[in-house]
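Contents: one structure, followed by commentary.
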Amino acid sequence: MAQESTCPVREIRQEVASALAQESIKEPRARMRAEKLLVLLEDIAQGRAGSEHLADLKAVARSLTERQDAHGADLGQRILSLLESQGEIFQSHILTRNCASGACDMLAPAPCQMACPSGIDVPSYVALIGQGRYQEAVNLIRQDNPFPWVCGLVCTHPCEFVCVRGQVDSPVAIKELKAFAAEKALSEGRYLNPPKEPATGHMVCVVGAGPAGLTAAYFLALKGHKVTVIEALPMAGGMMMVGIPRFRLPREVIDREVAFIEELGVEFRFNTRLGVEVTLQSLRKEGFEAFFIAVGAHASHRLAVPGEDLPQVLDAVRFLRDVAMGARKRPGERVLVVGGGNVAIDAARTLVRLGCREVTLLYRRSRSEMPANVEEVRQAEEEGVRLVFLTIPVEVMGEKGRVVGLRCLRARLSEPDARGRRRPVPIEGSDHIMAADAVVTAIGQRVLTEGLEHLDLRWSSWDTIVADTITAGAGREGIFAGGDVVLGPATVVEAIGAGKRAAEGIDRFLKGLPQPTMPAVPVRRARLEPWEMAASLKMDLKRCEMPLLGPERRRITFQQVELGLGEEQARREAHRCLRCDICKRCGRCVVVCRDRMEIDALKLGYVGQPGESPTDFRMTSERCILCGACAANCPTGAMQMEDRGEERLLILGGTILQRERLERCQGCGDYLGPSRYLDFVRKRTSGLAQAFAGRLLCEKCARRATAESKSGMSVPQG
Amino acid sequence: MEQQGALRQGDRVEIYRASGDQRWESYMARYIGMKGVVTDPDVVINDPDALVEVTLEGTGGTHRFPQDCLRRLGTGS
Ligand code: SF4
Ligand code: SF4
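Taken in sequence, the protein lines are chains A and B.
Numbering that gives the first Met the number 0 numbers the first residue of the first sequence as 0 and each following residue consecutively.
Numbering that gives the first Met the number 0 numbers the first residue of the second sequence as 0 and each following residue consecutively.
Listed below in structure tokens is the structure:
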């Protein structure tokens with residue numbers, strides 16, 4: 000079962016409740032205050048608290064310390080010191096309606112939301128898509144992430160790796176759903192910015208219009224600050240624009256989402272480099288009070304082999320950037336790409352589209368060590384990219400100033416070294432030349448430090464800025480940093496997360512508020528009613544497949560490869576969600592049914608340890624008697640038992656696990672319960688069953704029937 | 000360091016100790032002992048010095064960790 004960790008809110012609430020139950024607080028006024036404390040703590044733990052709750056809690060706790068009741072005074076004191084040492088957690092419960100530890104039942108967050116670096120409330124937007132409310136879904140996403148469409152196309156989707164549906168069959172296609180909703184809302188012109196707070200008069204400068212910088216600009220503008228973004232390139236988007244090829248992420252997608260940020264009043268200064276056109280001093284003079292350094296990893300590592308300076312040797316980052324900015328000339332007919340990561344794959348697939356006759360990717364290690372995304376490697380192969388493993392380039396061969404090939408060595412993998420790595424070891428005498436007229440290198444990126452030196456910040460040995468990743472503070476008053484410049488090359492969604500945290504850090508700095516010491520907890524944006532469907536349908540819904548452009552077309556155009564989900568497909572996919580924002584997978588229902596009722600009807604393997612036992616919602620109907628013990632013991636209300644008309648239903652997060660017709664009392668006509676339940680009760684109360692003499696009677700009618708049979712007289716009704 | 004070879008997307012890992020790397024931050028200490036899945040090994044090459052993205056099980060969230068604090072528990076696929 001899901002492990003419960005501790006939470007100070009839950010712990011102190013339990014302490015107060017037990018002090019009241021055990022009557023250890025004696026003095027009447029102290030008791031009244033303790034009762035008030037319990038109400039306040041319950042509100043916080045259930046997500047009902049408002050902005051006044053913490054102040055009230057403090058005031059009541061303080062007044063409890065002043066009463067003549069030793070136990071009460073102790074409790075008051077404990078609360079005061081908890082608020083002092085762990086106030087952030089209390090505050091976070093109120094603001095986010097999520098308890099990161101999962102201990103507060105009603106606030107246990109869904110794993111997908113917690114996994115999202117930008118903290119999107121996944122189950123809520125998935126539920127909205129399932130209901131056909133696409134615009135609301137996108138607006139909900141945009142409360143946490145200004146790039147739903149970009150992320151829907153290129154996010155590495157950490158959420159899907161922890162999606163609980165993955166324990167049943169395969170994860171919900173969370174990323175694809177996001178792209179679907181964004182496209183739908185945008186095409187219908189119903190894509191909105193959240194409301195903006197009143198202007199504060201503060202000025203913030205963001206350096207770099209990549210995902211981190213743009214996200215920070217978005218959230219800072221929403222908070223009412225005046226934001227200017229300076230960018231070395233002539234357009235916004237950073238690595239999203241110049242590092243990710245158009246066939247994965249069309250330019251229009253970025254442009255459209257950036258336009259919404261601009262609409263918030265964010266000003267852009269393109270072709271402007273920090274340290275060249277402007278400096279920290281000049282910007283300070285303009286009135287900027289805070290700076291967010293969010294430059295990307297635009298520089299490449301070199302191969303460090305002879306011949307590398309020939310003009311047909313290109314670094315992949317630069318090559319991709321030139322193509323993104325409109326260059327369409329192919330660098331050669333036979334091109335070798337060196338590297339095994341996503342950038343190498345992107346470069347190889349781009350070369351195919353430019354019309355190169357032969358594109359071969361060389362990687363030093365084996366296929367199983369290749370860090371590139373498996374799906375993209377597969378697509379590259381479909382498009383005709385040849386992969387050659389265990390090959391180390393040692394010299395770029397040139398003739399008359401032109402590349403003619405790459406001298407390589409074959410390699411084998413060594414035994415693991417002290418760090419556990421199997422290194423490629425060249426095989427003696429395996430020298431060979433691979434003919435080529437151009438070489439593209441993709442062996443690593445780094446941040447270009449040029450222009451940032453004058454900021455006087457601390458740098459790590461990996462050429463990254465040493466900054467706090469919770470607040471983005473870079474150690475100098477008013478200077479913040481995040482994204483690639485701090486993490487090294489990272490993902491788009493991580494950059495978005497970094498930008499969001501930086502905006503919070505900068506806002507607090509501008510307002511003179513204390514900075515957090517723990518990573519922010521994502522905000523629960525809604526608690527939507529689950530979509531109802533039969534257990535068999537819920538089980539049968541298999542993960543959707545993204546339709547792709549055919550490989551022939553892919554070889555010759557930059558058209559988007561992923562064609563997007565259809566409406567029907569998207570809604571079905573959304574209905575696969577298990578609504579982990581409601582069911583905290585504590586497993587109490589399973590235990591009660593199995594151990595206390597001895598029925599064992601719930602086959603919910605996913606509420607246990609991964610892989611422990613399979614899940615089959617359909618099997619509940621074989622044994623479930625609809626006694627309701629599971630629902631009565633469910634701490635979150637995810638398991639519900641309900642009588643509707645002639646039927647009783649057991650529903651878990653919208654999945655109808657069991658439904659049975661209700662039997663009526665043959666005496667008065669009142670509903671009695673489903674027959675299986677009545678059988679179960681009869682078995683346990685056999686004496687009473689005999690008195691019915693085969694008639695189905697409610698308790699009252701049965702009593703009357705028993706009295707009549709014993710006395711031989713008719714008992715009046717009523 | 001455990002003998003683990005290059006980390007791949009989908010590998011299950013444990014944060015089994017604090018890292019000696021300069022980029023390990025104090026708040027990460029709370030994750031020691033937690034398990035998770037590698038969601039982004041590193042963007043470009045299998046560089047043992049690159050931070051890798053790990054999504055922690057349960058409600059731990061997604062973070063970038065230095066690799067010397069990670070122990071592989073199983074492969075992804
Ligand atoms: S089943 Fe739904 S709520 Fe649960 S992890 Fe997956 S997407 Fe999130
Ligand atoms: S439905 Fe079961 S597993 Fe889910 S929260 Fe309720 S008792 Fe826990």
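Where is the CB? At the ideal position from N, CA and C, for every residue including glycine.
In the DSSP annotation of this structure, the continuous segment of the alpha helix (DSSP H) that includes glutamate 285 of chain A starts and ends at 279-285. In chain order, Ala44, Ala102 and Cys103 place their CB closer than 7 Å to the CB of arginine 9 of chain A, counting only its own chain and leaving out the 5 sequence neighbours on each side. Ligand 1 has no heavy atom closer than 7 Å to the beta-carbon of aspartate 143 of chain A. With contact defined as three or more Cβ pairs closer than 8 Å, the region 69-83 of chain A and the region 540-549 of chain A are not in contact. Under DSSP, histidine 62 of chain B shares a beta bridge with B:Val53. Counting only the Cα atoms, glutamate 87 of chain A lies some 41 Å from proline 249 of chain A.
Close CB contacts of leucine 72 of chain B within its chain, under the 7 Å cut and outside five residues either way in sequence, are with Arg11, Val12, Glu13 and Lys34 (chain order). By the C-beta density criterion, isoleucine 426 of chain A is exposed, having fewer than 16 other C-beta atoms within 10 angstroms. Under a criterion of Cβ atoms nearer than 7 Å, no residue of chain B is adjacent to leucine 313 of chain A; the nearest Cβ is some 16 Å distant.
By alpha-carbon distance to glutamate 182 of chain A, the top candidate from A:Ile128, A:Pro193, A:Glu230 and A:Val167 is A:Ile128. Ranked by Cα distance from arginine 406 of chain A, the first of A:Cys629, A:Asp416, A:Pro423 and A:Met433 is A:Met433.
Among the CB atoms of chain A, none fall inside 8 Å of the CB of arginine 16 of chain B. Here proline 330 of chain A carries a coil assignment [DSSP, helix/strand/coil].
Within chain A, the residues Trp461 have their CB atoms less than 7 Å from the CB of aspartate 48 of chain B, given in chain order.
Excluding residues up to 5 positions away in sequence, Ile24, Ala33, His70 and Leu74 lie with their Cβ nearer than 7 Å to the Cβ of alanine 18 of chain A in the same chain.
Per the C-alpha coordinates, the member of A:Ala216, A:Ala417 and A:Leu601 positioned closest to alanine 258 of chain A is A:Ala216. Per the C-alpha coordinates, the member of B:Thr74, B:Leu55 and B:Gln66 positioned closest to proline 110 of chain A is B:Leu55. Straight across, the Cα-Cα distance linking alanine 126 of chain A with alanine 573 of chain A is about 6 Å.
For valine 560 of chain A, the shortest separation between its Cβ and any heavy atom of ligand 1 does not lie below 7 Å.
Taking the Cβ atoms as the reference, cysteine 588 of chain A lies roughly 14 Å from leucine 577 of chain A, outside the contact range of under 8 Å. Closest by C-alpha distance to arginine 29 of chain B, out of A:Gln76, A:Ala48 and A:Ala99, is A:Ala99. Nearest CB-CB separation between glutamate 368 of chain A and chain B: below the 8 Å threshold.
Per DSSP, reduced to three states, the secondary structure at isoleucine 14 of chain B is strand. Glycine 19 of chain B does not reach chain A, its nearest Cβ partner there being about 12 Å away, counting only Cβ pairs nearer than 9 Å. A Cβ-Cβ separation of about 4 Å places serine 123 of chain A in contact with alanine 525 of chain A under the 8 Å criterion.
Within the region 420-437 of chain A, the residues whose Cβ lies closer than 7 Å to some Cβ of chain B are Arg420 and Arg421, listed in chain order.
Residues of chain B with a Cβ closer than 7 Å to the Cβ of leucine 486 of chain A are, in chain order, Leu50 and Arg63. Contact of serine 100 of chain A with chain B by beta-carbon distance below 8 Å involves Thr58. Secondary structure of valine 522 of chain A (DSSP, three-state): coil.
Close to phenylalanine 160 of chain A, with beta-carbon spacing below 8 Å, are these residues of chain B in chain order: Gly9, Val36, Thr38 and Thr54.
Residue nearest to glycine 118 of chain A within the set B:Thr74, B:Gly60 and B:Phe64 is B:Gly60 (criterion: CA-CA distance).
Counting along the chain, the unbroken alpha helix (DSSP H) around isoleucine 344 of chain A starts and ends at 341-353. Glycine 666 of chain A and arginine 658 of chain A have their C-alpha atoms some 24 Å from each other. If you check the CB distance, valine 304 of chain A and glutamate 398 of chain A do not come in under 8 Å. For the region 488-512 of chain A, the set of positions with a beta-carbon nearer than 9 Å to some beta-carbon of chain B reads Pro488, Ala489, Thr490, Val492, Glu493 and Gly496 in chain order.
By the beta-carbon neighbour count (other beta carbons within 10 angstroms, threshold 16), phenylalanine 218 of chain A is buried.
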